[in-house]
Amino acid sequence: MNNFTYYNPTKIEFGKEKQNKIGEYIEQSGIKKVLLVYGGGSIKRSTLYDDIVASLNKNSIEFIELSGVVSNPLLSKTNEGITLAKENNIEAILAVGGGSVADSAKAIAAGAKYDGDVWDFFIQKAQITEALPVFTVMTLSATASEMNGNAVIINDETKQKYSIASVLVNPKVSVINPELMATVSKEYLAYSAVDIISHCIEVYFTATTQPHFNSRIVESIIKTVMETTEILLENPNDYDARAEFAWAAIQGLNGLTPAGTAGGSFPNHMIEHSLSALYNVAHGAGLAVVIPAWMKWYKEQNIAQFKRFSQEIFGSDDADIGIEKLEEWFSKIGAPTTLKEVNIPRDGIEALAINANGTATMWGMGEYYSVETIIEILERA
Ligand code: NZQ
Ligand code: ZN
821 MNNFTYYNPT KIEFGKEKQN KIGEYIEQSG IKKVLLVYGG GSIKRSTLYD DIVASLNKNS
881 IEFIELSGVV SNPLLSKTNE GITLAKENNI EAILAVGGGS VADSAKAIAA GAKYDGDVWD
941 FFIQKAQITE ALPVFTVMTL SATASEMNGN AVIINDETKQ KYSIASVLVN PKVSVINPEL
1001 MATVSKEYLA YSAVDIISHC IEVYFTATTQ PHFNSRIVES IIKTVMETTE ILLENPNDYD
1061 ARAEFAWAAI QGLNGLTPAG TAGGSFPNHM IEHSLSALYN VAHGAGLAVV IPAWMKWYKE
1121 QNIAQFKRFS QEIFGSDDAD IGIEKLEEWF SKIGAPTTLK EVNIPRDGIE ALAINANGTA
1181 TMWGMGEYYS VETIIEILER A
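Residue numbers (the numbering used here): 821 to 1201.
(1) Short of 7 Å in beta carbon distance, which residues of its chain neighbour Leu1098, apart from the five on each side in sequence? Order them along the chain.
(2) How big is the Cα-Cα spacing for Ser920 and Val972?
(3) Is Ser1012 a contact residue of the ligand NZQ, with contact defined as CB to any heavy atom under 7 Å?
(4) Could you check whether Leu1073 and Glu1092 sit closer than 8 Å to each other, using their CB atoms as the reference points?
(5) Given this structure, state the Cα-to-Cα distance separating Tyr869 from Tyr858, to the nearest angstrom.
(6) Throw me the rounded Cβ distance for the Val1286 and Ile1021 pair, which I believe falls under 8 Å.
(7) Since Tyr1189 and Met1090 should fall inside the 8 Å C-beta cutoff, what is the C-beta to C-beta distance between them, to a whole number of angstroms?
(8) Cβ of Leu1073 versus every heavy atom of the ligand NZQ: is any distance shorter than 7 Å?
(9) Taking the alpha carbon of Ala1139 as the reference point, which residue from Ile1153, Ser1151 and Ala1124 has its own alpha carbon closest?
(10) At the level of alpha carbons, what is the spacing between Leu1198 and Ile863?
(11) So what's Ser862 in DSSP terms, helix, strand or just coil?
(12) Could you please give the first and the last residue of the uninterrupted beta strand (DSSP E) stretch that includes Val1004?
(13) So, for Trp939: in the same chain, excluding its five sequence neighbours on each side, which residues have a beta-carbon less than 7 Å away from its beta-carbon?
(14) Name the two residues that bound the continuous beta strand (DSSP E) containing Tyr982.
(15) Comparing alpha-carbon positions, which option in Ser1096, Thr963 and Lys1116 lies nearest Asn892?
(16) Report yes if the C-beta distance between Phe1033 and Thr1049 is below 8 Å; otherwise report no.
(17) Is Ser1085 near the ligand NZQ, with its Cβ less than 7 Å from a heavy atom?
(18) DSSP on Gly917, reduced to helix/strand/coil?
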């Protein structure tokens, strides 16, 4: 096992009715004024918005709103939020929604404490040294943004989908009530399942040091997600399945699975972010397209782990069968597995590869994942 530091300062409040206490959780930090950030309106199709407002009012917390965060969130909206936060002496950001809303809240939190352009953090021109506290009430489980310091934003002008990672934007408190997720569409449930699985397998397959314990956590998360996804596609209101899915999602990207590993990377995310940036493909859908192609291309680099995956998840020691079965499972739950299914033409591959190589360079693997290599991978999709 490699040396590591594991520090995750997010408090999780998990369970039924917890959203009604968000005002209390914020008030406990002495905060009196927040920017309430949400998406396209799903929180108003239930009583959630009213419940949040009631809880803020009960705890005498003033708020102003930023609505309309889209899936694959945009820098322009982030900048709107930063301006609102600066002009209104906002003390904290409250995100109510999925990963896109949480990520926007984090970027606003960092940008509100910075004199320059928030994009500087995304292109590694500046380091985050300060941020407003972030609170979340999650309505969709997939990204684990609720318990990590990552945020991924698309620059609408340059079409780059880049990320920040700082413990300073880890949410202070995240509320996870699985009941709030019962209305997530079957489509997004499938994309979320793919996303969670992807977070686990990136390092699982690419690490040069991978303790068995870490592999076993990953396999447990994958099995849990596959099992609960199938239950939820049949019965979206199954609370226990929804709860296990949500908790597994959090463990997938809160720093637990890579702790003690070495040499791991996130190539599938690196490539997928370009599908989202250039074609506005939903993140999980893009991953379902990239992952089988990448696995076929990469498997010989770590054949023992691919055999292990196949054995543990699908009961076969043949690496190819593991890849085939995973791809079949993605299709079965309703996720696309080819570029064609997400309406990306073959002649779009080169631009995707050039865009993805930009992310690869940002993530220190621009030489390994050259434009030519990414084209080779995407040709398989
Ligand atoms: O905007 P609203 O109306 O809320 O609708 C959303 C959105 O259309 C809807 N939704 C959310 N909760 C719902 C609901 N609909 C009905 N009932 C509910 N309870 O679902 C749609 C998708 O929401 P979004 O937040 O975009 O999904 P997700 O949580 O999958 O977030 C995806 C974003 O997170 C980034 C992705 O790249 C993508 O931009 N990621 C963030 C990461 C992180 N912070 O660590 C890591 C990930 O790998 C990922 O890159
Ligand atoms: Zn992801």
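Glycine is no exception: its CB is placed at the ideal position from the N, C-alpha and C atoms.
This one's a predicted model, so the numbers in the text were calculated from it and none came from an experiment.
In short:
(1) Taking the sequence shown and counting its residues from 1, one reaches residue 1098 at position 278. Lys979, Ala1171, Leu1172 and Asn1175, listed in sequence order.
(2) As a first step, residue 920 is located in the sequence shown; it is residue number 100 there, counting from the start. As a first step, residue 972 is located in the sequence shown; it is residue number 152 there, counting from the start. Approximately 8 Å, taken between the alpha carbons.
(3) Taking the sequence shown and counting its residues from 1, the one referred to as residue 1012 is at position 192. Yes, the ligand NZQ has a heavy atom inside 7 Å of this Cβ.
(4) As a first step, residue 1092 must be located in the sequence shown, where it is residue number 272. As a first step, residue 1073 must be located in the sequence shown, where it is residue number 253. No, the pair does not count as a contact, with Cβ atoms beyond the cut-off.
(5) Stepping through the sequence shown from its first residue, residue 869 is reached at position 49. Stepping through the sequence shown from its first residue, residue 858 is reached at position 38. Approximately 9 Å, taken between the alpha carbons.
(6) One cannot answer for residue 1286 here, as it falls past the ends of the chain, which runs 821 to 1201.
(7) As a first step, residue 1189 is located in the sequence shown; it is residue number 369 there, counting from the start. As a first step, residue 1090 is located in the sequence shown; it is residue number 270 there, counting from the start. Confirmed, Cβ separation roughly 7 Å.
(8) The residue labelled residue 1073 in the question sits at position 253 within the sequence shown. Yes, the beta carbon of Leu1073 sits closer than 7 Å to at least one heavy atom of the ligand NZQ.
(9) In the sequence shown, counting from the first residue as 1, residue 1139 sits at position 319. It is Ala1124.
(10) Stepping through the sequence shown from its first residue, residue 1198 is reached at position 378. Stepping through the sequence shown from its first residue, residue 863 is reached at position 43. If you take the alpha carbons of Leu1198 and Ile863, they lie about 36 Å apart.
(11) Indexing the sequence shown from 1 puts residue 862 at position 42. Correct three-state label for Ser862: helix.
(12) Locating residue 1004 in the sequence shown gives position 184, counting from the first residue. Where Val1004 is concerned, there is no enclosing beta strand (DSSP E), given that its DSSP letter is neither H nor E.
(13) Within the sequence shown, numbered from 1, the residue matching residue 939 stands at position 119. Here the set comprises Leu895 and Asn975.
(14) Residue mapping note: residue 982 aligns to position 162 of the sequence shown, counting from 1. From DSSP, the beta strand (DSSP E) with Tyr982 extends over Gln980 to Ala985.
(15) Position 72 of the sequence shown, counted from the start, is the residue given in the question as residue 892. Considering only alpha carbons, the answer is Ser1096.
(16) Numbered from its first residue, the sequence shown carries residue 1033 at position 213. Numbered from its first residue, the sequence shown carries residue 1049 at position 229. Not in contact: Phe1033 and Thr1049 (Cβ atoms no closer than 8 Å).
(17) Working through the sequence shown from its first residue, we reach residue 1085 at position 265. Flag unset: Cβ of Ser1085 not near the ligand NZQ.
(18) The residue labelled residue 917 in the question sits at position 97 within the sequence shown. Correct three-state label for Gly917: strand.
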